[in-house]
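Asks: Shown below is the structure under consideration.
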Amino acid sequence: MDKIVINGGKTLSGDLPISGAKNSALTLLPCALLTDEPVTLRNLPRLADVDSFGHLLNQMGVSTTIEGARPEDFGRVMTLRAGRITATVAPYDIVRKMRASILVLGPLLARAGEATVSLPGGCAIGNRPIDLHLKALEAFGAEIEIASGYVRASAPKSGLPGGEYTFPVVSVGATENAIMGAVLANGQCILNNAAREPEIVDLCKLLIAMGSDIEGIGTSKLVITGKDRLHGATYRVMADRIEAGSYACAAAITGGTLNLLGAKISEMEATVAALREAGVLIEENAKGVHVNASQGLKPLTLSTAPFPGFATDMQAQFMAMLCRADGASVLTETIFENRYMHVPELSRMGADIEVKGRTAVVRGISDLTGAPVMATDLRASMSLILAGLAAKGTTEVNRVYHLDRGYERLEEKLQAVGANIERVGD
Ligand code: UD1
1123 MDKIVINGGK TLSGDLPISG AKNSALTLLP CALLTDEPVT LRNLPRLADV DSFGHLLNQM
1183 GVSTTIEGAR PEDFGRVMTL RAGRITATVA PYDIVRKMRA SILVLGPLLA RAGEATVSLP
1243 GGCAIGNRPI DLHLKALEAF GAEIEIASGY VRASAPKSGL PGGEYTFPVV SVGATENAIM
1303 GAVLANGQCI LNNAAREPEI VDLCKLLIAM GSDIEGIGTS KLVITGKDRL HGATYRVMAD
1363 RIEAGSYACA AAITGGTLNL LGAKISEMEA TVAALREAGV LIEENAKGVH VNASQGLKPL
1423 TLSTAPFPGF ATDMQAQFMA MLCRADGASV LTETIFENRY MHVPELSRMG ADIEVKGRTA
1483 VVRGISDLTG APVMATDLRA SMSLILAGLA AKGTTEVNRV YHLDRGYERL EEKLQAVGAN
1543 IERVGD
């Protein structure tokens, strides 16, 4: 299996292009199920999860064609067409490898009137149930049965009647499934305490371009009036705010200066506020976001929260960065119960981190040291890359497939800004 080998200690500088957002792509792709007309997505990141999602949709009768980009370009253009849905099952083997496949539930139910989706089970960062996805769709009139590890959802012959649901906790995926379930309903569907992440705004914008009626976009109350049918559309996937935040941390941990091309501060304000508090200078310009971390890093106290709060998907990267801060930082993880799997690996690189329940105290040290490490999830793997970029000596990050799920051509992007990093086959 491939690994990434980093000889740390290089100060990064230069232009780094930010790809299309993985988490947007994974909710925009299933929208193709909602219409028999073609949906074209531009700026799709080249990632293993995007390919897997395409294959899942192929199994449901969706044709996919990829065009445009040359191999050396970032991003791709994919046209999806669900002329006729031929299967409504997302099998265990696919859902277990890619949790986001549960996002076919809402659109299949809306267009085909039924969906059978494997329960995803737990994952490396926690228990992650899907009860809220099911409760929201039930509130809109779906019938839900659970048997043999699968959820079977069905709608009345005439379609979902509509209804109202208030989420007891904010869930990105459940909000997405509920929105996609609602857009073809017979009546009005109201969601209260909906997630407000920029990826949900991206989803709503595509659905509007396809003819949907959604009010309250970007707020916690969404009012969706179902349409008889939706039409095709062409849409550009937003820039990946988590990728941008991760590379901002790469600049910070190496004391470097990066231009994150295509990034927008308005989509990552909590990350930017935290970086500024740590002493990093950040400005937006016509090309993207400029990050200058030539000053030392100050410690932080941070707690993860749903958008617009500090993203749980940035917690691991900040933890690595704060290992180099001048003092003790306190991080609290409130979204997932098991999201400190990177701590023992960072400790092997010399980090001084103490975890008590949901809180981690990170005491800054002058130098991390390279070591062979591995992580069990995507963002944890990125935190090890960041630590490796700053560490003295050689770091080998194993289980590269996690990174391939979420960072488009990571080593190429980092090499271009001065990192000594390469992918090595076994
Ligand atoms: C999405 C993102 C993920 C990010 C997370 C939180 C994608 C593909 N993934 O995951 O990168 O870390 O948002 O920003 O977009 N919950 C329930 N019942 C449910 C659903 C969720 O209890 O039915 C709980 C979860 O266990 C968790 C919390 O709600 O504690 C938030 O999870 P959620 O926002 O749903 O995360 P995902 O959509 O799975």
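Taking this note's numbering, I'd label the letters of the sequence shown as residues 1123 to 1548.
Cβ coordinates follow ideal geometry from the N, Cα and C atoms, glycine included.
Could you spell out where the alpha helix (DSSP H) holding residue 1510 opens and where it closes?
Replies: Its alpha helix (DSSP H) spans residues 1500-1512.
Asks: Return the Cβ separation of residue 1342 and residue 1381 in integer angstroms, given the expectation that the two are a contact with Cβ distance under 8 Å.
Replies: Contact flag wrong, Cβ pair sits at about 34 Å.
Asks: According to DSSP, is residue 1496 part of a helix, a strand, or is it coil?
Replies: Of the three classes helix, strand and coil, the one that applies to residue 1496 here is strand, per DSSP.
Asks: Counting only the same chain and skipping the five closest in sequence on each side, list residues whose C-beta sits under 7 Å from that of residue 1339.
Replies: So the list reads 1323 and 1326, once near-sequence residues are dropped.
Asks: Taking the alpha-carbon positions, what's the residue 1378 to residue 1413 distance?
Replies: For residue 1378 and residue 1413, the distance between alpha carbons rounds to 8 Å.
Asks: How far does the alpha helix (DSSP H) with residue 1478 in it extend, from its first residue to its last?
Replies: Counting along the chain, residue 1478 falls outside any alpha helix (DSSP H), though it belongs to the beta strand (DSSP E) covering 1474-1478.
Asks: Using a threshold of 7 Å, is the CB atom of residue 1250 nearer than that to any non-hydrogen atom of ligand 1?
Replies: Result yes, Cβ under 7 Å from ligand 1.
Asks: Just to confirm the assignment, what range does the alpha helix (DSSP H) spanning residue 1371 have?
Replies: Run containing residue 1371: 1363-1376, per the alpha helix (DSSP H) assignment.
Asks: Answer yes or no: the CB of residue 1464 versus the heavy atoms of ligand 1, is any distance below 7 Å?
Replies: Because no heavy atom of ligand 1 lies under 7 Å away, the Cβ of residue 1464 does not count as near it: no.
Asks: Measuring alpha carbon to alpha carbon, tell me which residue in 1370, 1179, 1430 and 1198 is nearest residue 1539.
Replies: Per the Cα distances, 1370.
Asks: Cβ-heavy atom distance between residue 1524 and ligand 1 below 7 Å?
Replies: No, Cβ of residue 1524 sits at least 7 Å from all heavy atoms of ligand 1.
Asks: From 1296, 1445, 1234 and 1301, pick the residue whose C-alpha is nearest to that of residue 1281; which is it?
Replies: Of the listed residues, the one whose Cα sits closest to residue 1281 is 1234.
Asks: Near residue 1423, which residues of its chain fall below 7 Å by C-beta distance, leaving aside the five closest residues on each side in sequence?
Replies: Excluding residues within five positions, the ones whose Cβ falls inside 7 Å are 1451 and 1452.
Asks: Quick one: Cα of residue 1468 to Cα of residue 1447, how far?
Replies: Their backbone Cα atoms lie some 15 Å apart in a straight line.
Asks: For the alpha helix (DSSP H) holding residue 1217, just list the boundary residues, first then last.
Replies: Per DSSP, residue 1217 belongs to the alpha helix (DSSP H) from 1214-1219.
Asks: Cβ of residue 1315 within 7 Å of any heavy atom in ligand 1?
Replies: It does not: the Cβ of residue 1315 is nowhere closer than 7 Å to a heavy atom of ligand 1.
Asks: Tell me where the beta strand (DSSP E) around residue 1451 begins and ends.
Replies: 1450-1454 is the extent of the beta strand (DSSP E) around residue 1451.
Asks: Between the C-alpha atoms of residue 1187 and residue 1398, what's the straight-line distance to the nearest angstrom?
Replies: Between residue 1187 and residue 1398, the C-alpha separation is close to 42 Å.
Asks: What are the start and end residues of the alpha helix (DSSP H) that includes residue 1311?
Replies: Here residue 1311 belongs to no alpha helix (DSSP H); instead the beta strand (DSSP E) covers 1310-1314.
Asks: Using a threshold of 8 Å, state whether the C-beta atoms of residue 1471 and residue 1513 are closer than that.
Replies: Yes.
Asks: Specify whether the region 1514-1525 and the region 1485-1502 touch according to this definition: at least 3 beta carbon pairs, one from each stretch, less than 8 Å apart.
Replies: Contact holds: three or more Cβ-Cβ distances are below 8 Å.
Asks: For residue 1352, name the three-state secondary structure that DSSP assigns.
Replies: DSSP places residue 1352 in coil when its eight states are reduced to three.
Asks: Taking residue 1333 as the reference, give the member of 1353, 1317, 1299 and 1320 with the closest Cα.
Replies: Here the closest residue by C-alpha is 1353.
Asks: Write down the C-beta distance between residue 1392 and residue 1433 rounded to the nearest angstrom, noting that I regard them as a contact closer than 8 Å.
Replies: About 7 Å separates the two Cβ atoms, so the contact holds.
Asks: CB-CB under 6 Å to residue 1170, same chain, minus the five flanking residues each way: which ones, in chain order?
Replies: Closer than 6 Å at the Cβ level, and outside the excluded window around residue 1170, lie 1526 and 1527.
Asks: Pair every Cβ in the region 1206-1222 with every Cβ in the region 1253-1261, then say whether three or more of these pairs are closer than 8 Å.
Replies: No: fewer than three Cβ pairs fall under 8 Å.
Asks: DSSP on residue 1392, reduced to helix/strand/coil?
Replies: Helix, per DSSP.
Asks: Pick out whichever of 1317, 1301 and 1277 has its Cα sitting closest to the Cα of residue 1291.
Replies: It is 1317 whose Cα lies nearest to the Cα of residue 1291.
Asks: Among 1236, 1197 and 1374, which one has its Cα closest to the Cα of residue 1207?
Replies: The option with the nearest alpha carbon to residue 1207 is 1236.
Asks: Of the choices 1545, 1521 and 1520, whose alpha-carbon is the least far from that of residue 1532?
Replies: Measuring from the Cα of residue 1532, the nearest candidate turns out to be 1545.
Asks: Along the chain, where does the alpha helix (DSSP H) containing residue 1155 start, and where does it finish?
Replies: Taken as a continuous stretch (DSSP letters only), residue 1155 belongs to no alpha helix (DSSP H), as it is neither H nor E.
Asks: Using the rule of at least 16 other Cβ atoms within 10 Å of the residue's Cβ for burial, across every protein chain shown, is residue 1203 buried or exposed?
Replies: That one is buried.
Asks: To which residues does DSSP link residue 1432 through a beta bridge?
Replies: Residue 1432 pairs with 1426.
Asks: Can you check DSSP and say which residues form a bridge with residue 1233?
Replies: Per DSSP, none; premise fails for residue 1233.
Asks: Please tell me whether residue 1365 has its Cβ less than 8 Å away from any Cβ of chain D.
Replies: This model lacks chain D altogether, as it is built from one protein chain only.
Asks: Going by the DSSP bridge assignment, what does residue 1287 pair with across the sheet?
Replies: Beta-bridge pairing links residue 1287 to 1313.
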